[in-house]
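Per numbering that gives the first Met the number 0: the sequence shown = residues 0 to 429.
Note that the Cβ used here is the ideal one computed from N, Cα and C, for glycine as well.
Nothing here was measured: the structure is a model prediction, and the numbers come from that model.
Reading through the structure tokens given below for one structure.
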Amino acid sequence: MEQYAIKGGNPLVGEVEIGGAKNAALAILAASIMTDETVLIENVPDVRDTNVMMQAMESIGAIIERLDRHTVRVSGKAIRDIAIEDDFIKKIRASYYLLGALLGKHNKARVALPGGCNIGLRPIDQHIKGFRALGADVRIEHGLIIAEAEQLRGGHIYMDVVTVGATIDVMLAASMADGQTIIENAAKEPHVVDVANFLNSMGASIKGAGTDVIRIKGVSKLHGTEYAIIPDQIEAGTFMFAAAVTKGDVTVKNVIPKHLESISAKLMEIGCEVEESDDAVRVVASKPLTHTHVKTLPYPGFPTDMQPQITVALGLSRGTSIVTESIFENRFKYVDELTRMGASIKVEGNTAIIDGVSKYTGAGISAPDLRAGAALVMAGLAAEGTTVIDDIKFIERGYEDFHLKLQGLGAVIDKVNSERELQKFRLKTG
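In structure tokens:
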């Protein structure tokens, strides 16, 4: 079983390139099969989730050609099968985007209920509500979501909660429905905007993405396009907080600083210096970190996907901090692992009360999910001694070359496959 072995104590220093946004890539890959023409997508992150999505697309007849590690050419022309029952798809939550894409293009779809990280209940009721508002019959049978329509028709949908997945999924289907669709209380995340821009580049007519009201005029067909995916704000934020916890100086390159404003603001609050340029952000942590309070919120609020990372930083900050999780109810599972490293954190419901400690110490721990796994790597980098992290498959779902990028910043981290390799790491690092 693969593990990360980390010898902590080195400040991270240097520059790191951020890849394409995983969450945008998953939806854009799904959307690419909505035309019979060829689509070229650049800046696709080479991570487990995107690879699983492409395998699922190929299983129904999509032709996918990898031109290089981050560029793919997709043709959905040969797709005749609208059923995705493959085991691949149960591994990733974003399988539901194929539902919206196939329903929009073919007026019917059968997709296995989604999997992904177990960070709490993530119901698909708003997806179903949206598809029904477009005139589809939707039911769940034998572990599949089945959606069918004679012809999708534009509708008016008010989302009961702000949900990125349902906003994108309904946008996909509505882009090829008859007439106009209005989505109110829509999610405003950068990847919602990116998917809308991608669909528009294929000939869709979508206005208002990035606001809470999206208007879509359905079109009868979409055409081929060439498109580059936006940078990943969560990967960028993870490296920004890694600089903070290791007392480092890291320049995060190939980013859109506006997407990182809530992250930058919290870093400045706890005592870091943050410098922005056109497509880079530099984080310098030369002073002791101080406490703050944070509540996760839909964009442009502080992202739920950055909650474990800020908690790791606040665990090493002077004073008492409070982190409130308002999006997912099961997102503090990593706290037990962090406590093994010496953190002083008490979780009550959706709130963590954090008393800062002077240091973490290395331990054997497990990654419970994608973002928490990355945060535990950060804790290991800041800790005294050696940390070994199990279940790194979760981390590799969303971070490309994570340990290699950290090595490039001076981290002492290796991926090991056996007890023998782990012993060699321990001997080498003393």
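Give the secondary structure of residue i by DSSP, where H, G and I count as helix, E and B as strand, and everything else as coil.
i: Leu101; result: helix
i: Phe301; result: strand
i: His69; result: coil
i: Leu39; result: strand
i: His258; result: helix
i: Ser343; result: strand
i: Lys90; result: coil
i: Lys216; result: strand
i: Gly207; result: coil
i: Arg425; result: helix
i: Tyr430; result: This structure cannot settle anything about residue 430, because the visible part of the chain is limited to 0 through 429.
i: Lys392; result: helix
i: Ile123; result: coil
i: Ser74; result: strand
i: Leu266; result: helix
i: Pro230; result: strand
i: Val293; result: strand
i: Glu64; result: strand
i: Ala172; result: helix
i: Val46; result: coil
i: Gly178; result: coil
i: Ile352; result: strand
i: Asp335; result: helix
i: Asp400; result: coil
i: Lys286; result: coil
i: Asp413; result: strand
i: Ser357; result: coil
i: Glu188; result: coil
i: Leu143; result: strand
i: Val160; result: coil
Let me confirm a value: residue i is counted as buried when at least 16 other C-beta atoms fall within 10 Å, else exposed. Which label applies?
i: Leu426; result: exposed
i: His190; result: buried
i: Lys345; result: exposed
i: Leu120; result: Residue placement at Leu120 is flagged as unreliable, the pLDDT there being 48, under the threshold of 50; the coordinate-derived value follows with that caveat. Exposed, because fewer than 16 other Cβ atoms sit within 10 Å of the Cβ of Leu120.
i: Ala264; result: exposed
i: Asp168; result: buried
i: Gln406; result: exposed
i: Gly429; result: exposed
i: His155; result: exposed
i: Gln125; result: buried
i: Pro122; result: exposed
i: Gly363; result: exposed
i: Met0; result: exposed
i: Ile78; result: buried
i: Ser285; result: exposed
i: Ser31; result: buried
i: Asp80; result: exposed
i: Glu418; result: exposed
i: Lys404; result: buried
i: Gln422; result: exposed
i: Glu183; result: exposed
Can you find a heavy atom of the ligand GDP that lies under 8 angstroms from the Cβ of residue i?
i: Gly318; result: In the structure on display, the ligand GDP does not appear, and there are no ligands present to speak of.
Kindly list the residues whose CB is nearer than 8 angstroms to the CB of residue i, restricted to its own chain and excluding five residues on each side of it in sequence; keep chain order.
i: Ile255; result: Pro189, Ile229, Pro230, Gln232, Asp278
i: Ile269; result: Ala243, Leu288, Thr289, His290, Thr291, Ala312, Leu313, Ser316
i: Leu151; result: Leu102, Gly103, Asn106, Leu133, Gly134, Ala135, Ala172, Ala173, Met175, Ala176, Asp177, Gly217
i: Pro299; result: Lys187, Glu260, Ser261
i: Leu25; result: Asp48, Thr49, Met52, Ile91, Ala93, Tyr96
i: Arg131; result: Val137
i: Met201; result: Ala30, Met33, Thr34, Val38, Leu221, His222, Gly223, Thr224
Can you list, in chain order, the residues of its chain whose CB lies under 6 angstroms from that of residue i, leaving out five sequence neighbours each side?
i: Phe240; result: Gln308, Ala312
i: Ala185; result: Thr166, Asp211, Ile213
i: Asp35; result: Lys76
i: Gly384; result: Thr360, Gly361
i: Gly236; result: Ile262, Met305
i: Val273; result: Ser263, Leu266, Met267, Val282
i: Gln179; result: Gly153, Lys216
i: Glu225; result: Leu39
i: Lys432; result: No answer is possible for residue 432: the residues shown for the chain start at 0 and end at 429.
Assuming residue i contacts residue j (C-beta within less than 8 angstroms), just tell me the rounded distance between them.
i: Ala382; j: Gly7; result: 4 angstroms
i: Thr37; j: Gly223; result: 5 angstroms
i: Ile388; j: Ala366; result: 6 angstroms
Is the region 281 to 292 touching the region 311 to 326 in the sense that three or more CB pairs, one from each, lie closer than 8 angstroms? Yes, they touch.
So does the region 135 to 145 actually touch the region 158 to 169, counting three or more Cβ pairs closer than 8 angstroms? Verdict: no, contact absent.
Counting beta carbon pairs with one atom in the region 60 to 74 and one in the region 92 to 101, are three or more of them shorter than 8 angstroms? In short, these stretches do not touch, since the Cβ pair count stays below three.
Would the region 9 to 24 and the region 414 to 426 be scored as touching if the rule is three or more Cβ pairs under 8 angstroms? no
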